[in-house]
Amino acid sequence: MSAVIQKIDHLGIAVKSIEAALPYYEKTLGMKCGHVEEVPSQKVRTAFFACGEVHLELLEPTDPESPIAKFLETRGEGIHHIAFATSDITGQLAQAKASGARLLHEVPIDGAGGKLVAFLHPKSSFGVLTEFCQPKSEADSSGCCCKH
Ligand code: ZN
Numbered sequence: 002m003s004a005v006i007q008k009i010d011h012l013g014i015a016v017k018s019i020e021a022a023l024p025y026y027e028k029t030l031g032m033k034c035g036h037v038e039e040v041p042s043q044k045v046r047t048a049f050f051a052c053g054e055v056h057l058e059l060l061e062p063t064d065p066e067s068p069i070a071k072f073l074e075t076r077g078e079g080i081h082h083i084a085f086a087t088s089d090i091t092g093q094l095a096q097a098k099a100s101g102a103r104l105l106h107e108v109p110i111d112g113a114g115g116k117l118v119a120f121l122h123p124k125s126s127f128g129v130l131t132e133f134c135q136p137k138s139e140a141d142s143s144g145c146c147c148k149h
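Okay, so the sequence shown: first residue is 2 according to this note's numbering, each after it adds one.
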């Protein structure tokens, strides 16, 4: 089975402060914040907004060493990454690597919302930081050989 990109899952947006950005999304755009969650593996706090099937993920650094803190320093606030939902995150990474892309994560890590996530290096994705994600529950069942 080869990995298939199913949809854009979410857009990651770097902000200095979720609290400061909330009124824009909630009042100006009239969207509802689904949940706020801290993701220790990325040293960020995230806030999710549903926009149809696609979500917006606000990312606020919780530590100066956070990748988001570094992004804010060099690029400022704004769109940080595009996340694609994939049917097979491990296969997707293998495919990207085989085609010559640099991976930021060789193995998926724990992301927000109970998902496994992994990033490609922006230097090999034409300036767009690319994330793959897959719900952990799906990854577990697709990784189980006894079901096939
Ligand atoms: Zn993301």
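All C-beta atoms in this analysis are idealised placements derived from N, C-alpha and C, irrespective of residue type, glycine included.
Exercise for the section: Kindly examine the ligand ZN and report whether one of its heavy atoms sits closer than 7 Å to the Cβ of V129. Expected result: Taking the sequence shown and counting its residues from 1, one reaches residue 129 at position 128. Taking 7 Å as the cut-off, one finds no heavy atom of the ligand ZN near enough to the beta carbon of V129.
Practice task
Kindly examine the ligand ZN and report whether one of its heavy atoms sits closer than 7 Å to the Cβ of H164.
Solution key: Here the chain covers residues 2 to 149 and nothing more, so residue 164 does not appear.
Handout entry: R46 in three-state terms, based on DSSP
Key = Counting from one through the sequence shown, the residue named residue 46 turns up at place 45. Of the three classes helix, strand and coil, the one that applies to R46 here is strand, per DSSP.
Handout entry: Beta-ladder partner(s) of K8, from DSSP
Key = Working through the sequence shown from its first residue, we reach residue 8 at position 7. Per DSSP, A86.
Handout entry: Coarse secondary structure for V16, derived from DSSP in three states
Key = The count along the sequence shown starts at 1 and reaches residue 16 at position 15. Taken through DSSP and simplified to helix, strand or coil, V16 comes out as coil.
Problem - Ordered list of beta strand (DSSP E) runs contained in the region 112–142, each at least 3 residues - result: Scanning the region 112–142 for uninterrupted beta strand (DSSP E) segments of 3 residues or longer gives 116–121, 131–136, listed from N- to C-terminal end.
Exercise for the section: Measure the C-alpha to C-alpha separation of L12 and T91 and round it to an integer number of angstroms. Expected result: Stepping through the sequence shown from its first residue, residue 12 is reached at position 11. Stepping through the sequence shown from its first residue, residue 91 is reached at position 90. L12 and T91 have their C-alpha atoms roughly 21 Å apart.
Problem - E38, enclosing beta strand (DSSP E) - first and last residue - result: The sequence position of residue 38 within the sequence shown is 37, counting from 1. First-last of the beta strand (DSSP E) with E38: 34–40.
Practice task
Round the Cβ separation of E58 and I9 to the nearest angstrom and send it over; I've been treating them as touching at under 8 Å.
Solution key: Counting from one through the sequence shown, the residue named residue 58 turns up at place 57. Counting from one through the sequence shown, the residue named residue 9 turns up at place 8. The Cβ separation is near 12 Å, so there is no contact.
Handout entry: Same chain only: Cβ atoms within 7 Å of V129, ignoring 5 sequence neighbours per side
Key = Position 128 of the sequence shown holds residue 129. Cβ within range, chain order: I83, P123.
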